[in-house]
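Here the structure comes first, spelled out in C-alpha cells, and everything after it is commentary.
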Amino acid sequence: MRQPHLGFGPDTALRCPKVGRTVPLPAFRACALRRKTTHFPCNDTEICGRNESRRPGAASACEGTMIGAIPFPFTLLHVDPHRLERYVDEPHQNWYLWSAQHLPRFLHRNAVVRVKYLLGRKGVFGGNWDLESRLLPELPSYRLVEDLHRVLPDFRKSLWYARGLEALDRGRPFVHKTLTARTVPELDRIFVENLVALIETMKKDGYRQVQGADLPGGMIGRDGALLKGNRGRHRLAAAQVTGASGLYPIEVTGVHRLWLAGRQRRNGESRNAMLVREFAQVEKRYSGS
168 MRQPHLGFGP DTALRCPKVG RTVPLPAFRA CALRRKTTHF PCNDTEICGR
218 NESRRPGAAS ACEGTMIGAI PFPFTLLHVD PHRLERYVDE PHQNWYLWSA
268 QHLPRFLHRN AVVRVKYLLG RKGVFGGNWD LESRLLPELP SYRLVEDLHR
318 VLPDFRKSLW YARGLEALDR GRPFVHKTLT ARTVPELDRI FVENLVALIE
368 TMKKDGYRQV QGADLPGGMI GRDGALLKGN RGRHRLAAAQ VTGASGLYPI
418 EVTGVHRLWL AGRQRRNGES RNAMLVREFA QVEKRYSGS
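The sequence shown begins at 168 in this note's numbering and counts up one residue at a time.
Next comes the structure, spelled out in C-alpha cells:
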C-alpha cells in the first residue's frame, strides 16, 4: 500500500510565486518550508533570487501553495473520490466571510486575514466544526455540476448557465475562479473550454490532477472521518457524478484535537512516525486498498 505523502521528498513539486511556476523540490527547498522550523538557509538563488535564513515565525521568501503551516509535515492522501461523503467549512470560515462582506477592505486584508492565518497555522482545532459537516450533494456547487452533467450536451439548459445569463443581464460579470465573462460569447467559452471539458475529461480519462493546479483540501474529524474541505469541490463533484476512476488527492489541512489526542505512540516511535501510521490508516479506509 502506498504510504501517505508525509513530509517532503524529491518528487514534491511546489509553486513559487516569485517565478510564477511550479518547481520541483529540492529546487524549491528551504524557502518553502513551514514557519515553525528553526533556521533554514535558502540557497536557491537560481529559482528565487534570494539567499537568506529565516527565524521561526518570520515570513518566508516563498510560500509553496502545497505547504500547510501545521504542526505535522505536509500530508497528501490519495483516496477513492466516491468514498468521500461529507463537506466541512474551515473552523474560522464563517466569520472570515462575514468580515469580507461587512468590514472595510483594508481592515479585512490587514487584520482579519492575518488573524485567520495565525489561528489556522497550528492545524489542530477544537470545537464542533466537524459535527457541522454536510453531505456533499447538499452543496450548491455540487448541485450545479450535477445539473450540468444531466443536461449535456446542451449546457445552455443548465441552471449554472442560466445563472450566468442572469448575472450578465444585471450588468454583472460571471466569475468562475480566475475566469470572467462579461458577454455571452465569453460565457459560452468558459462553459465549453472549462466546465463542460472538466466533465467530459472526467468521464473519459477518470480523475487526473492537473500539473500546477491547487490541491484539494480536507480535514479529519474527531472520529477519524475524512471531510472534504474548500478546495477542489467542483472537481470532486465531477468525479462523483461521472463515476470517474482514479485516486483523488487530498491535502490534510487540519485535524480535530480529540482525534490527535487519541493517537498512541508505540515504543520508541517518533511523533512523525506515529502520524505516518495513523494517516496511512485514514488513507486505507478511504482508498479501499
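Virtual Cβ for every residue (Gly too), placed ideally from N, Cα, C.
Only counting the same chain, and skipping five residues up and downstream in sequence, which positions put a Cβ closer than 8 angstroms to that of residue i?
i	result
ARG253	SER300, ARG301, LEU302, LEU303, ALA392, LEU394 and LYS395
LEU354	TYR328, GLY331, LEU332, LEU335, PHE341 and ALA348
GLY338	none
TYR453	LEU244, VAL246, ASP247, ARG250, LEU251 and LEU393
THR368	ARG375
Just mark residue i as buried or exposed, buried being the case when its beta carbon has 16 or more other beta carbons within 10 Å.
i	result
GLY455	exposed
ARG389	buried
ASP372	exposed
HIS269	exposed
LEU298	exposed
ALA278	exposed
SER227	Confidence at SER227 is low in this model, with a pLDDT of 28, below 50, so its placement is unreliable and the value that follows should be read with caution. Label assigned to SER227: buried.
THR345	exposed
PHE273	exposed
THR409	buried
GLU445	buried
VAL312	buried
THR420	buried
THR350	exposed
Alpha helix (DSSP H) containing residue i: first to last residue?
i	result
VAL449	438-454
ALA428	424-428
Can you tell me where the beta strand (DSSP E) with residue i in it begins and where it stops?
i	result
GLY384	384-387
VAL246	242-246
So, for residue i: in the same chain, excluding its five sequence neighbours on each side, which residues have a beta-carbon less than 6 angstroms away from its beta-carbon?
i	result
PRO383	ARG398, GLY399 and ILE417
GLY293	ARG424
TYR309	LEU303 and ALA404
ASN439	none
LYS370	THR409
Near residue i, what residues of its chain come up, given a Cβ to Cβ distance below 7 angstroms and the 5 sequence neighbours on each side ignored?
i	result
LEU306	TYR254 and ARG400
PRO258	PHE292, GLY294 and TRP296
SER325	ASP314, LEU315 and VAL318
VAL449	LEU244, ILE387, GLY391 and LEU393
Below 8 angstroms, can you find three or more Cβ-Cβ pairs linking the stretch 332-347 to the stretch 421-438?
-> no
Would you check if the stretch 395-412 and the stretch 362-372 touch, i.e. whether three or more CB-CB distances between them fall below 8 angstroms?
-> yes
Where are the alpha helix (DSSP H) runs, 4 residues long or more, that stay fully inside the stretch 310-374, in chain order?
-> Fully enclosed alpha helix (DSSP H) runs of 4 or longer: 326-336, 351-357 and 363-372.
Contained beta strand (DSSP E) runs [length at least 3] in the stretch 391-421, N- to C-terminal order = 393-395
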